[in-house]
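Here the protein sequences line up with chains R and H, keeping their order.
The opening position of the first sequence corresponds to residue 1 in our numbering, with each subsequent residue numbered one higher.
The opening position of the second sequence corresponds to residue 393 in our numbering, with each subsequent residue numbered one higher.
Where a beta carbon is used, it is the ideal one built from N, C-alpha and C, also for glycine.
The structure appears below as structure tokens.
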Amino acid sequence: MSSYFTVFTDESKLDINYIPASLSHRESQFNLLSKFFQFAIESPGKMAQRILIVGKVGTGKTALAKLFGVRIMQIAQEKGINVRYVHVNCRERRGSLFMILQQVILDFYPHFPKRGYSSEELLGMLLQVLDEQNVFVILGLDELETLVENEGADALYELTRIHESRFKAPQRLSLIGILRGLECLEALDESTRSTLQRNIILLEEYSKNQLRDILDARVVLAFRDGVILEETLDQIAELAEREGGNARYGIELLWRAGKYADASSLSEVSPECVRRASSSVYPTVQKDAVFSLGLHEKLFLLGLARRFKHTTQAYLTMGEAEEAYRIVCEEYDEKPRRHTQLWKYVNDLSAADVVKSKVSSDGLRGKTTLIGLPYVSAEELERELSRRLRLQ
Amino acid sequence: MVEDVFSSKGRVKILRLFVEIGELNISEIARRAGLNYATANQHLGILESAGLVLHKSFGRIRIYRLNESNPHARAVKVLIESWGTADRRKVK
């Protein structure tokens, strides 16, 4: 093992959660965001801000918000102001206002009880905590669509109007909503929509040249000198541009190409490594969905992936899927969930486009749910899930 | 009185929880100390009137912690911490 050669110096710089020290080609949007929140440093509590960051997958929305969060906390600390940026992924919190607020409050009280109150009470408790600790929170709500889909208009209405009943009290909660498009806001009432849509930061798709710059910067951080060929980077930039100017896809491809080079004991990452990698990288949207699944959903999906690896059937019955899941549970020493819960998982996974489900019609006795895996290779999914489960 | 506070294993367990974990609500204190809710609540009342613990209310939720501004509470903390270290050493 000691003679093992790797093209990487630091793989973590290519991780989906890594936030670089500066964002190429997003400087003007960063400055705009800083301008919107200038009040938080100059006159904290005098107002609260609501901003939307809108852009397609891989256009740097999350990175922009998180980097801004880090910076504003640094500046505020230097000035002796207590500003806290809290980033919550609404999908990971199942689009529930309750779970989102709970995550914020856990940031302040890690052992805050998880049950026994409503989301309205929780909102009141959060303001109490912020008042007591004299802190101003900027709440980044990533994948805001899920909150709107799950809770309807009320949750955002409450969040945007939180200060109205607190006459003359400092305004402590600002919002940064992060979403792919503005369509989901049509479900909101006129006043909430107008409050939110006043300040929008739009992130356009990256061009090929911009993607190339982003990749160059990551290569310096993550790879040994000279192991990545120029043609390789051009090819990745081109593929990422075709994937909707998606930088995340490009970075993922870069990492995977490096992995292929390592696995083949190559000292350079060639375009051939990219070709092999690109056939195995499945769309980022589904990857996100898999990343945010709960333990038992992951185990269920792992059972499916394993079963599909050894069959030519396009669909499995619910019974077969449950059997595969129970075997996985035994392996991971987990008590299996019951049928109804698993059926809910199938619905959720289907809604997230990870699996496809339909009800059986002719040919099978009775009615059962049939589950297919048309979007991603079973082998790839199994590998990804096994990796994630090891990390849990 | 010192004997009133330390005469109960339940109260000592609760104090130990505060030293090891920090802030907790009553249900969690009860669960971790292996007590029922009412008993935990009663012990907390005694500890609070002795000035050793404090609570903050969030609606119906009360979160307790050690009252670090109280010299007795600080002494209890030192005692429990040193006891913990001694215990660990013994195990080794």
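- Residues of chain R with a Cβ closer than 8 Å to the Cβ of ASN417 of chain H are, in chain order, HIS111, PHE112 and PRO113.
- Taking the Cβ atoms as the reference, LEU253 of chain R lies roughly 19 Å from ALA289 of chain R, outside the contact range of under 8 Å.
- TYR249 of chain R sits in a helix when the DSSP states are folded into three classes.
- Counting the other Cβ atoms within 10 Å of the Cβ of LYS61 of chain R gives 16 or more, which makes it buried.
- Out of H:HIS464, H:LYS469 and H:GLU460, the CA that lies nearest to the CA of VAL394 of chain H is found in H:HIS464.
- Going by DSSP, LEU211 of chain R is part of no beta strand (DSSP E) but of the alpha helix (DSSP H) stretching over 208-222.
- For ALA169 of chain R, the closest C-alpha among the options R:GLN128, R:GLU231 and R:ILE75 is that of R:GLN128.
- By the rule that beta-carbons nearer than 8 Å mark a contact, GLU420 of chain H touches chain R.
- In terms of beta-carbon proximity, MET125 of chain R lines the interface with chain H, with at least one pair separated by less than 8 Å.
- In the three-state scheme derived from DSSP, where H, G and I count as helix and E and B as strand, SER165 of chain R is classed as coil.
- Listed along chain H are PHE450, GLY451, ARG452 and ILE453, each with a C-beta nearer than 9 Å to that of GLU121 of chain R.
- Remark: C-beta atoms of ALA48 of chain R and LEU173 of chain R approach each other more closely than 8 Å.
- Apart from the 5 residues on each side of it in sequence, THR9 of chain R sits with its Cβ closer than 7 Å to the Cβ of ALA222, PHE223 and ARG224 in its chain, given in chain order.
- HIS447 of chain H and GLU322 of chain R have their C-alpha atoms spaced approximately 47 Å apart.
- Using a Cβ-Cβ cut-off of 8 Å, ILE413 of chain H counts as an interface residue toward chain R, since at least one Cβ of chain R sits closer than that to its own.
- For LYS401 of chain H, the three-state secondary structure derived from DSSP is helix.
- GLN128, VAL129 and GLU132: these are the residues of the stretch 127-143 of chain R whose beta carbon lies less than 8 Å from some beta carbon of chain H, given in chain order.
- Pairing GLU132 of chain R with MET125 of chain R, the inter-Cα distance amounts to about 10 Å.
- Distance from the CA of GLN74 of chain R to the CA of ASN199 of chain R, rounded to the nearest whole angstrom, comes to 24 Å.
- Short of 8 Å from the beta carbon of LEU436 of chain H, and not among the five residues preceding or following it, lie these beta carbons of its own chain, in chain order: ILE406, ILE418, ILE421, VAL445, HIS447 and TYR456.
- Below the 8 Å Cβ cutoff, chain H contributes SER419, ARG452 and ILE453 as neighbours of GLY116 of chain R, in chain order.
- Put simply, the backbone Cα of PRO374 of chain R is about 23 Å away from that of HIS339 of chain R.
- For PHE450 of chain H, there is no enclosing alpha helix (DSSP H); the enclosing beta strand (DSSP E) has its first and last residue at 445-450.
- Short of 7 Å from the beta carbon of ALA324 of chain R, and not among the five residues preceding or following it, lie these beta carbons of its own chain, in chain order: GLY303, LEU304, ARG306 and ARG307.
- Around the C-beta of TRP475 of chain H, fewer than 16 other C-beta atoms lie within 10 Å, and the residue is accordingly described as exposed.
- When Cβ pairs closer than 8 Å are counted between the two stretches, the stretch 141-150 of chain R is seen to touch the stretch 177-192 of chain R, the count reaching three or more.
- The bridge partners DSSP lists for PHE8 of chain R are R:PHE223.
- With respect to ILE453 of chain H, TYR117 of chain R sits close: the two C-beta atoms are nearer than 8 Å.
- Taking one beta carbon from each stretch, the stretch 64-74 of chain R and the stretch 228-248 of chain R have fewer than 3 pairs nearer than 8 Å; the two do not touch.
- The beta strand (DSSP E) runs lying completely inside the stretch 267-345 of chain R and spanning 3 residues or more are 315-317, given in chain order.
- Nearest in C-alpha terms to ALA425 of chain H, of all of H:LEU409, H:ILE438 and H:LEU458, is H:LEU409.
- Residue pairing for ASP142 of chain R: DSSP places it in a beta bridge opposite R:ASN89 and R:ILE178.
- The alpha helix (DSSP H) runs of length 4 or more contained entirely in the stretch 412-470 of chain H are, from start to end of the chain, 418-425 and 429-441.
- The residue among R:VAL354, R:LEU139, R:PHE98 and R:HIS25 with its C-alpha nearest the C-alpha of VAL88 of chain R is R:LEU139.
- By the 16-neighbour rule on beta-carbons within 10 angstroms, ASN459 of chain H is buried.
- For LYS356 of chain R, the enclosing beta strand (DSSP E) covers residues 356-359.
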